[in-house]
Each structure stands twice: as C-alpha cells, then as structure tokens.
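Notes to accompany the following structure.
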Amino acid sequence: MNGFGYLRPGSLQEAVEAYAAHPGARYLAGGTNLVDLMKLGVERPALLIDVGRLPLGTIEELPDGSLRVGATVRNSDLAADPRVRDRYPVLSQALLSGASGQLRNAATTGGNLLQRTRCPYFQDLDKPCNKREPGSGCGAREGVHRDHAVLGHSEHCIATNPSDMAVALAALDAQVELYGTEGARRLPAAEFHRLPGEHPDRDTWISPGELITGVLLPAAAAGVPSAYRKARDRASYAFALASVAVVLRVADGVVDHAGIAFGGLAHRPWRARHTELALLGAPATPEAFEGAVALELAHAEPLRDNAYKVPLARNLALDVLNRLAPAPAVA
C-alpha cells in the first residue's frame, strides 16, 4: 500500500474544504471497498478524509412520513430498522442479500452507493481498463464477460454496478442528498449513477469533492407492496448476475403505480421505464406483466457469453410482479 495522509474532520464544511485543498483525496467511512482497492493499487489517494464520525448516522422520520437515512448508517442497521422493514421491504431485502453480516456491520449507506465495479479487468493493474486508465481499452469486451452488462454499455466499458441497495433505491424513487463547496443538493437515486458512454471512469454524477450526506425515502412509497429478488452463482455473499426490485400498487385489479429496477445488467441500476409505462393503467395479470417486461428487455444488447442474463432477468421480474399482485377475486 502506498503512503497517504489522514484527516478526521469535525464538520461537513471542514470535510469538503479539505477535499478541495487536496487533489487526489478520498472520503472514507466503512472502507469495505475503498481499502480493498487501495491494497490492489487501483485507488491511490493522497489523503483519506474520515467522515465516519460526522453526525450522519441516524434514521430520521420527517413530518411528511418520509425517512431520511444518514450517509453513515450501517447497512445492517438500515436493513433491521422496523420502519424500513415494514414500509420499504424491498430495501431491507436488498441489503440483506448484499453481503455477509460482518461486511454489513461496517458498510455505510453512502459507501454502498459509491462502491466501484467488481469487474476483474478493473481490479487487475496488468489488464487494460478504460475505467481505471482512460484510453487503455476494455479487456472484458473480447475477454471474460459472462458477468458483464447487457444494457446501456458502450464500446469503452461493459462493467456492471455491484450495489443491491442502489437497485432498491432506484425503484423506490429515493433521493440522494449531497453537500459540497457549492452547498446542498439532491439527485434522484435512479439518476445518481452514470452509463459509461465515452467516460467510464466517471461512475456517478457527483461533482468533485461532494459528499453524500443521506438518502431520502419518499412517503409516497411507504407501505406500497415491494420486493427484491437476486440471482447469483452461489447461495450467499455473491454479486448479482441479475436482480430486480419492484414496487407495485394495484387498485381494483389495475396497476396504478409501478417502480421497477434491474441490477446486474448495466453500469447503473437500470430503471425499467418502458415496463412501468406499459403497466400503468393495465390489468395486473401475468399476460400484461410478460408483455411489459419484454418491452424493456428488447433493448438488451448481450455479448458473446452473457445472453443468458436476458431470460434470467425476465423470469426474476415476472416472478416478483406475480407475487406482489393481489390474487384475483373469486366470483
């Protein structure tokens, strides 16, 4: 590991000012991804700014019924919170599927959103990777890419986003709260991560030096039936080959709200807008679900070794939609 400086700021303002004053700085909270990348030599920060002790570790209920989750709330605490389990089960389920208990006890909400791809070409300094070294090429395109993207990829990068939590947040219409030298702002969780395009080294739309301060879970999604399902190579502690988060409200047999996001298929959680639009006002039937999901996955562009992801994602989505839909009334 290379040498680096360490700073424990006493406030948000001190943290963002320190970042601005030190090119090459990185924020540190749980460190479950950043420290691993430092050991591999992928990340070489000149300064670590430890934000883990800033007052961002609580889950607060707001007057309108929404929940604000602080950026340093641990994944295990968020998954176990009774309000989250009761009102936003899709989020609790996604978190519990994401890692071992030991990692969830250390990992934070903000850090989970900022974790980087597990593409082996990104993690291996001897392999070409445009995400790690722009202009060096994408070794995965002609190499081993069974786990890689089938939606929204580019010639420069086919990596996938590894977060389970982010997929649930996208389906819930959550907001990510940020703070930087220009003040505070929010981004929709579904738009927080970027597609690779020509700049795969840029994972998110965060401005340099901005710090995640929290996530806002909207009151509108509270109590709406929701669920998360994930397919992986082994029963636990593995990243998604494909996953789906669904928030589905049905009234009188008709869909009046659908929030659907796929994981493991793209460089960011993939919000299934075509499916959602097709379902709005449609009957909550297996036939309608099948047609709507097919509209989304028709945009997939699988590579040589990962075409299996398309039917896998389809089957996951149909399973969750059919389980969430109320049973038809018996005449």
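Count along the sequence shown starting at 1, add 1290, and that's the number in the numbering used here. Glycine included, every Cβ here is placed at the ideal spot set by N, Cα and C.
How is the alpha helix (DSSP H) around residue i delimited, first residue to last?
i: His1564; result: 1563-1569
i: Lys1329; result: 1324-1330
i: Glu1580; result: 1576-1587
i: Ala1430; result: 1429-1432
Which of the three DSSP states is assigned to residue i in this structure?
i: Ser1533; result: strand
i: Arg1373; result: helix
i: Arg1604; result: helix
i: Asp1340; result: strand
i: Gly1314; result: coil
i: Gln1405; result: coil
i: Val1620; result: In this predicted model, Val1620 has a pLDDT of only 49, less than 50, meaning its place in the structure is not dependable; the value taken from the coordinates is given anyway. Three-state DSSP puts Val1620 in coil, outside helix and strand.
i: Arg1298; result: coil
i: Pro1288; result: What is shown of the chain runs 1291 to 1621, which leaves residue 1288 out entirely.
i: Asp1609; result: helix
i: Ala1521; result: strand
Considering only DSSP beta bridges, list what residue i is partnered with.
i: Thr1398; result: Arg1364
i: Gln1465; result: Pro1478, Leu1506
i: Ser1516; result: Val1537
i: Ile1349; result: Val1359
i: Pro1573; result: Val1544
i: Leu1501; result: Tyr1469
Would a C-beta distance cut-off of 8 Å place residue i and residue j closer than the cut-off?
i: Cys1447; j: His1557; result: yes
i: Ser1382; j: Arg1373; result: no
i: Leu1501; j: Val1306; result: yes
i: Ser1320; j: Ala1396; result: Before going further, note that residue 1320 is Gly rather than Ser in the sequence given. In this structure, Ala1396 lies closer than 8 Å to Gly1320 by Cβ.
i: Leu1338; j: Tyr1296; result: yes
i: Leu1555; j: Leu1441; result: yes
i: Arg1394; j: Ser1366; result: yes
Please identify the residue among the options whose C-alpha is closest to the C-alpha of residue i.
i: Pro1559; options: Ser1453, Gly1320, Gln1383; result: Ser1453
i: Ala1535; options: Thr1450, Ala1584, Leu1506, Leu1608; result: Leu1608
i: Ala1530; options: Thr1575, Lys1421, Pro1498, Thr1407; result: Thr1407
i: Arg1561; options: Leu1569, Ala1568, Phe1552; result: Phe1552
i: Val1545; options: Ala1574, Gly1427, His1483, Leu1393; result: Ala1574
i: Ala1310; options: Ala1590, Ala1582, Tyr1598, Gly1499; result: Gly1499
i: Arg1476; options: Arg1492, Ile1496, Pro1490; result: Ile1496
i: Gly1300; options: Ala1315, Val1341, Leu1318; result: Val1341
i: Lys1329; options: Leu1415, Leu1393, Glu1591, Glu1432; result: Leu1415
i: Tyr1469; options: Ser1426, Leu1302, Asn1292, Arg1298; result: Leu1302
By the DSSP assignment, the beta strand (DSSP E) with residue i in it spans what residues?
i: Ala1551; result: 1544-1553
i: Ser1382; result: Segment 1379-1386 is the alpha helix (DSSP H) holding Ser1382; no beta strand (DSSP E) there.
Using a Cβ-Cβ cut-off of 8 Å, state whether residue i counts as contacting chain B.
i: Tyr1527; result: The structure shown contains no chain B; it holds only a single protein chain.
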